[in-house]
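Student: To start, I am sharing the structure in question, which I have written as structure tokens.
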Ligand code: MN
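In our numbering, the protein residues as written are 12 to 213.
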């Protein structure tokens with residue numbers, strides 16, 4: 012199966028913008044420096060949404076266990092619909108009866124560099140890497156730094172299944188466990204539980 016090019020139609024179809032405060036996401040946009048974000052999302056099941064800017068949208072994967080800084084730990088990452096670039100700054104609570112109902116915080120984010128583009132014998136763009144089923148990025152986040160790879164494994168026969176893992180480099184650290192040790196938002200400094208309480212007061 013070949014993926015369609017990025018588009019925001021599925022994102023818009025799934026949401027009722029009269030009910031959710033998530034960004035409407037008009038058109039595709041480009042940042043000066045390409046961005047990534049990881050949102051902790053306490054939905055029907057807790058997960059971390061890894062989103063990375065490709066061709067003017069945030070390509071998105073849901074990672075149930077969250078990212079690891081240990082190169083020996085492979086994390087299942089399930090492809091979800093493209094999100095608008097503005098989504099990288101979204102925190103808050105999506106109403107329970109809406110798609111993705113639950114609370115979201117920006118757990119990490121920053122800019123990234125495409126590792127494959129810089130390899131002389133490779134040179135693939137991010138879109139090409141995505142279609143090739145192997146995305147290699149150098150993250151410059153507040154929490155996550157260094158090389159990470161996404162590989163299209165289709166585990167269990169599911170086309171949407173990829174795996175996400177840390178590459179072996181100077182930023183790898185098996186002991187760090189940032190999902191546990193650094194639970195707070197990089198924007199509001201709140202945990203997802205604190206954010207949830209605050210939103211309920213409103
Ligand atoms: Mn999610």
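Note that the Cβ used here is the ideal one computed from N, Cα and C, for glycine as well.
Count the other CB atoms, across all protein chains shown, that sit within 10 Å of the CB of residue 125; report buried if there are 16 or more and exposed otherwise.
Tutor: Residue 125 comes out buried.
Student: Helix, strand or coil: how does DSSP classify residue 29 here?
Tutor: coil
Student: Note down, in chain order, each residue of its chain lying with its Cβ closer than 7 Å to the Cβ of residue 34, except the 5 sequence neighbours on either side.
Tutor: 95, 97, 98, 101
Student: Please output, in chain order, the residues near the ligand MN using a CB cut-off of less than 5 Å to any non-hydrogen atom of the ligand.
Tutor: 52, 60
Student: DSSP on residue 113, reduced to helix/strand/coil?
Tutor: strand
Student: Around the Cβ of residue 147, are there at least 16 other Cβ atoms within 10 angstroms (buried) or fewer (exposed)?
Tutor: Buried.
Student: My parser needs the beta strand (DSSP E) runs of 3 or more residues fully inside the stretch 118–189; what are they?
Tutor: You should have 145–152, 156–162, 172–177.
Student: Starting from the C-beta of residue 179, find all residues in its chain whose C-beta is less than 7 Å away, skip the five residues before and the five after it, and write them out in chain order.
Tutor: Residues 82 of the same chain have their beta carbon placed closer than 7 Å to that of residue 179, with the five preceding and five following residues left out of the count.
Student: Within a Cβ cutoff of 8 Å, which residues of the same chain sit near residue 145, ignoring the five residues on either side of it in sequence?
Tutor: Closer than 8 Å at Cβ, skipping near neighbours: 127, 160, 161, 162, 163.
Student: Could you have a look at residue 79 and say whether DSSP puts it in helix, strand or coil?
Tutor: coil
Student: Give a single yes or no on whether residue 202 has its beta carbon closer than 7 Å to a heavy atom of the ligand PLP.
Tutor: Ligands displayed in this structure: the ligand MN; the ligand PLP is not among them.
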